[in-house]
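Colleague: First the structure, which I've put down as structure tokens, then a few questions once you've had a look.
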Amino acid sequence: MTSHPSPFGPGRAARPTSHKAASHKASSHAGPSSGSRLRRGLFALLVVAVLGASTYLFLTRQATTAPAARQPSSAVASLASSPALSPRPTPSPTPPPDIHLTIGYAGDVLTHMPVINDTAGGQGDISPMIAASQPWYSGVDLALCGMEVPVSPRGVASGYPMFGSLPGVVAALGSTGWDGCATASNHAWDQGWSGVLTTADTLQANGMGFSGTNRTEAEAARPYQLYQFQREGRTVTVAQLSTTYSLNGMTADPAWAVNLNDVQWAADQARAAREAGADLVVLHSQIGEEYTRDPVASQKEYAQAIADTGQIDVLFSAHPHVPQTNELLAGGPGGRGMWVSYSAGNFISNQSEALGTIMTTIGLFVWVDVTVSEDASGQRSVSVDALHWHPFTVDNAVGHTQLDLGAAHAGAVPAWTSLSATEIERRWQAVTGIVNPQTYSDQVPVATGEAPVPLPRG
Numbered sequence: 001m002t003s004h005p006s007p008f009g010p011g012r013a014a015r016p017t018s019h020k021a022a023s024h025k026a027s028s029h030a031g032p033s034s035g036s037r038l039r040r041g042l043f044a045l046l047v048v049a050v051l052g053a054s055t056y057l058f059l060t061r062q063a064t065t066a067p068a069a070r071q072p073s074s075a076v077a078s079l080a081s082s083p084a085l086s087p088r089p090t091p092s093p094t095p096p097p098d099i100h101l102t103i104g105y106a107g108d109v110l111t112h113m114p115v116i117n118d119t120a121g122g123q124g125d126i127s128p129m130i131a132a133s134q135p136w137y138s139g140v141d142l143a144l145c146g147m148e149v150p151v152s153p154r155g156v157a158s159g160y161p162m163f164g165s166l167p168g169v170v171a172a173l174g175s176t177g178w179d180g181c182a183t184a185s186n187h188a189w190d191q192g193w194s195g196v197l198t199t200a201d202t203l204q205a206n207g208m209g210f211s212g213t214n215r216t217e218a219e220a221a222r223p224y225q226l227y228q229f230q231r232e233g234r235t236v237t238v239a240q241l242s243t244t245y246s247l248n249g250m251t252a253d254p255a256w257a258v259n260l261n262d263v264q265w266a267a268d269q270a271r272a273a274r275e276a277g278a279d280l281v282v283l284h285s286q287i288g289e290e291y292t293r294d295p296v297a298s299q300k301e302y303a304q305a306i307a308d309t310g311q312i313d314v315l316f317s318a319h320p321h322v323p324q325t326n327e328l329l330a331g332g333p334g335g336r337g338m339w340v341s342y343s344a345g346n347f348i349s350n351q352s353e354a355l356g357t358i359m360t361t362i363g364l365f366v367w368v369d370v371t372v373s374e375d376a377s378g379q380r381s382v383s384v385d386a387l388h389w390h391p392f393t394v395d396n397a398v399g400h401t402q403l404d405l406g407a408a409h410a411g412a413v414p415a416w417t418s419l420s421a422t423e424i425e426r427r428w429q430a431v432t433g434i435v436n437p438q439t440y441s442d443q444v445p446v447a448t449g450e451a452p453v454p455l456p457r458g
């Protein structure tokens with residue numbers, strides 16, 4: 001019998017299909033009969049047919065029962081097909097509205113005895129005498145007078161050379177619209193230590209602030225007067241400083257009782273005032289020479305040195321007893337410039353042309369326009385936008401009474417005055433020939449809100 005090679009290759013035995021087949025193959029050498037082969041073929045065909053049908057049914061069922069591919073929803077499809085949405089921009093914070101203030105100053109309140117004697121009962125009520133200027137100084141937001149002479153601690157008025165005023169003078173100032181006074185002057189020590197105390201106490205009793213003199217070391221360490229305003233729902237603070245060139249040869253005791261001119265001191269105190277909350281600093285300084293038409297060199301040098309510190313917003317100077325001009329100097333806070341009025345003359349006095357010039361009878365009301373701006377973060381900036389002046393003159397012959405020189409020049413001459421039209425014109429020409437004509441104003445200022453509150457010092 002010819003042997004056949006294994007279908008698994010050499011050396012690898014063919015796997016038997018069953019134990020029975022192996023036993024049968026070993027015991028019989030005869031092949032299967034034709035009937036047996038037919039039956040086995042039919043069986044195999046049947047098995048193949050059954051398996052094929054089962055497979056077809058299985059695959060058909062899988063195809064019909066498999067879930068359809070998920071389609072995106074219409075909202076998702078819309079978002080997918082739309083461009084990306086830009087974020088809505090955050091609106092910029094809106095800064096608050098600007099705050100506008102006016103700060104005014106008049107010349108020296110110089111109460112010679114003839115002035116006191118013309119008040120009712122000699123008690124110092126000067127309010128009828130200063131009625132012509134009252135709409136102007138009561139119309140600014142902050143009105144600061146120049147208290148040339150101290151209040152007498154004995155209640156007895158006195159004149160040159162050792163002046164003493166009366167409480168009635170201060171009461172008249174406070175009741176008609178003045179908010180505070182500069183008290184440092186060459187006459188501040190005329191009544192000694194008691195005069196310093198009495199003057200400050202009287203001003204305070206009448207609701208007024210003061211700077212220039214100090215009752216205690218605590219006040220001397222904080223020599224600025226702060227005035228607070230409520231405007232546009234916010235608080236604005238103005239600081240006032242006052243100094244003088246001398247005490248007429250006398251020395252204050254204690255030395256800190258009266259502030260003397262010192263550029264560095266003024267700058268340091270202005271800086272301290274800002275640290276204490278001031279938005280703006282006004283300085284009053286007595287300096288110059290009496291009865292001179294133009295500022296002398298020492299005045300101009302002092303003013304420029306003050307401007308160069310960058311700490312003072314406005315300088316109101318005094319002492320010459322006659323009006324002098326004004327100008328905008330280089331320097332000032334932030335390099336924005338500093339306005340200076342070199343002298344406003346006399347607010348009220350008994351001085352006359354006998355002193356060599358008709359200008360002693362004339363005084364100015366000087367004021368500045370201030371804007372306080374604030375950005376959305378709360379950062380503030382202050383600007384002094386302009387300076388203005390308006391003249392008044394005193395008719396010594398009729399109760400030392402003021403008249404509005406600008407109005408009188410324009411034809412509104414009060415019936416009571418002893419001044420002729422010629423004299424009015426002469427005084428008008430005298431003052432307008434000296435003081436900066438570009439800063440003249442005939443518009444009465446109007447306050448933007450309630451009166452300020454002077455804060456306690458010391």
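Numbered according to the UniProt record's numbering, the sequence shown spans residues 1 to 458.
A virtual CB, placed ideally from N, CA and C, is assigned to each residue, including glycine.
Remember, it's a predicted structure, so these values are computed and weren't measured experimentally.
1. Do you know whose CA, among M250, D279, A267 and T292, lies nearest Q311's CA?
2. Taking only three categories from DSSP, how would you classify S225?
3. Exposed or buried, which one is Y160 when buried takes at least 16 other CB atoms within 10 Å?
4. With distance defined between alpha-carbon atoms, name the residue in H321, Q443 and S377 nearest to S92.
5. From which residue to which residue does the beta strand (DSSP E) around Y105 run?
6. So, at 8 Å on beta carbons, what are the nonlocal neighbours of V398 in its own chain, with the 5 sequence-adjacent residues on each side left out?
7. Does S175 pass the burial test, meaning 16 or more other C-beta atoms within 10 Å, or should it be called exposed?
8. Helix, strand or coil: which one does DSSP assign to F416?
9. Please tell me whether L405 and P414 are closer than 7 Å, where the distance is taken between their beta carbons.
10. From what residue to what residue does the beta strand (DSSP E) around I348 run?
11. Out of G411, V394, A200 and S381, state which residue places its alpha-carbon closest to the alpha-carbon of G363.
12. Around the Cβ of R427, are there at least 16 other Cβ atoms within 10 angstroms (buried) or fewer (exposed)?
13. Span of the alpha helix (DSSP H) holding D385?
14. Check whether the Cβ atoms of Y245 and Q304 sit closer than 7 Å, and answer yes or no.
15. Given this structure, state the Cα-to-Cα distance separating Q299 from P167, to the nearest angstrom.
16. For the alpha helix (DSSP H) that G192 lies in, which residues bound it at each end?
17. State the Cα-Cα distance for the pair P96 and T199, rounded to the nearest angstrom.
18. Once you ignore the five residues that flank L247 on each side, which residues in its own chain have a CB closer than 7 Å to its CB?
19. Give me, in chain order, the residues of the same chain whose beta-carbon lies closer than 6 Å to that of L387; leave out the 5 immediate sequence neighbours on both sides.
20. According to DSSP, simplified to helix, strand and coil, what is Q230?
21. Given 8 Å as the limit, is there contact between the stretch 123–137 and the stretch 204–212, that is, 3 or more CB pairs closer than that?
22. For the beta strand (DSSP E) that contains A182, what are its first and last residues?
23. Among the candidates G277, V435 and D375, whose CA atom is the shortest distance from the CA of Y227?
24. For M113, which three-state DSSP category applies?
25. Does the distance from the C-beta atom of A344 to that of V366 stay below 7 Å?
26. Can you grab the Cα-Cα spacing for the pair A120 / G332, in whole Å?
Modeller: In short, the structure shows the following:
1. For the purposes of this step, residue 311 is identified with residue 311 of the sequence shown, where counting begins at 1. Ranking M250, D279, A267 and T292 by CA distance to the CA of Q311 puts A267 first.
2. Position 225 of the sequence shown, counting from 1, holds the residue named residue 225. Ser is not the amino acid found at residue 225; the sequence shown has Gln there. Correct three-state label for Q225: strand.
3. For the purposes of this step, residue 160 is identified with residue 160 of the sequence shown, where counting begins at 1. It counts as exposed.
4. In the sequence shown, residue 92 corresponds to position 92, counting from 1. Distance check between S92 and each of H321, Q443 and S377 places S377 closest, using alpha-carbon atoms only.
5. Numbered from 1 along the sequence shown, position 105 holds the residue referred to as residue 105. Residues I99 to V109.
6. In the sequence shown, counting from the first residue as 1, residue 398 sits at position 398. Leaving aside the five residues that flank V398 on each side, the residues in its chain whose CB is nearer than 8 Å to its CB run, in chain order, W416, T417 and S418.
7. Stepping through the sequence shown from its first residue, residue 175 is reached at position 175. So S175 ends up on the exposed side.
8. The residue you call residue 416 lines up with position 416 of the sequence shown. Inspection of the sequence shows that residue 416 is occupied by Trp rather than by Phe. Correct three-state label for W416: coil.
9. Working through the sequence shown from its first residue, we reach residue 405 at position 405. Working through the sequence shown from its first residue, we reach residue 414 at position 414. No, these two residues do not count as a Cβ contact at 7 Å.
10. Residue numbering aside, residue 348 sits at position 348 when the sequence shown is read from its first letter. Start and end: N346 to I348.
11. Here residue 363 refers to the residue found at position 363 when the sequence shown is read from its first residue. Selection G411, V394, A200 and S381 evaluated against G363 yields V394 as nearest (Cα-Cα).
12. Position 427 of the sequence shown, counting from 1, holds the residue named residue 427. If you draw a 10 Å sphere on the C-beta of R427, you find 16 or more other C-beta atoms in it, and that means buried.
13. Here residue 385 refers to the residue found at position 385 of the sequence shown. D385: not part of any alpha helix (DSSP H); member of the beta strand (DSSP E) spanning R380 to D395, first to last residue.
14. Sequence index remark: in the sequence shown, residue 245 carries index 245 (1-based). Sequence index remark: in the sequence shown, residue 304 carries index 304 (1-based). Using a Cβ distance threshold of 7 Å, Y245 and Q304 do not count as a contacting pair.
15. Here the question's residue 299 lines up with position 299 in the sequence shown. Here the question's residue 167 lines up with position 167 in the sequence shown. Rounded to the nearest angstrom, the gap between the Cα atoms of Q299 and P167 is 32 Å.
16. Against the sequence shown, residue 192 aligns to sequence position 192. If you look at G192, you'll find it in the alpha helix (DSSP H) that goes G192 to A205.
17. Stepping through the sequence shown from its first residue, residue 96 is reached at position 96. Stepping through the sequence shown from its first residue, residue 199 is reached at position 199. Between P96 and T199, the alpha-carbon positions lie close to 40 Å from each other.
18. Position 247 of the sequence shown, counted from the first residue, corresponds to residue 247. Taken in chain order, the residues that qualify are N186, A188, W189 and V258.
19. Translated into positions along the sequence shown, residue 387 becomes position 387. Same-chain partners within the cutoff: N326, W339, V368 and T439.
20. By 1-based counting over the sequence shown, the position of residue 230 is 230. When secondary structure is reduced to three states using DSSP, Q230 falls in the strand class.
21. As far as the Cβ criterion goes, the stretch 123–137 does not touch the stretch 204–212, which means the pair count is below three.
22. In the sequence shown, residue 182 corresponds to position 182, counting from 1. Per DSSP, A182 belongs to the beta strand (DSSP E) from G180 to A182.
23. Locating residue 227 in the sequence shown gives position 227, counting from the first residue. Nearest option by C-alpha distance: G277.
24. Position 113 of the sequence shown holds residue 113. M113 carries a helical assignment under DSSP once its states are collapsed to helix, strand and coil.
25. Along the sequence shown, one-based indexing puts residue 344 at 344. Along the sequence shown, one-based indexing puts residue 366 at 366. The answer is yes: Cβ separation under 7 Å.
26. On the sequence shown, position 120 is the one that residue 120 refers to. On the sequence shown, position 332 is the one that residue 332 refers to. Distance from the CA of A120 to the CA of G332, rounded to the nearest whole angstrom, comes to 45 Å.
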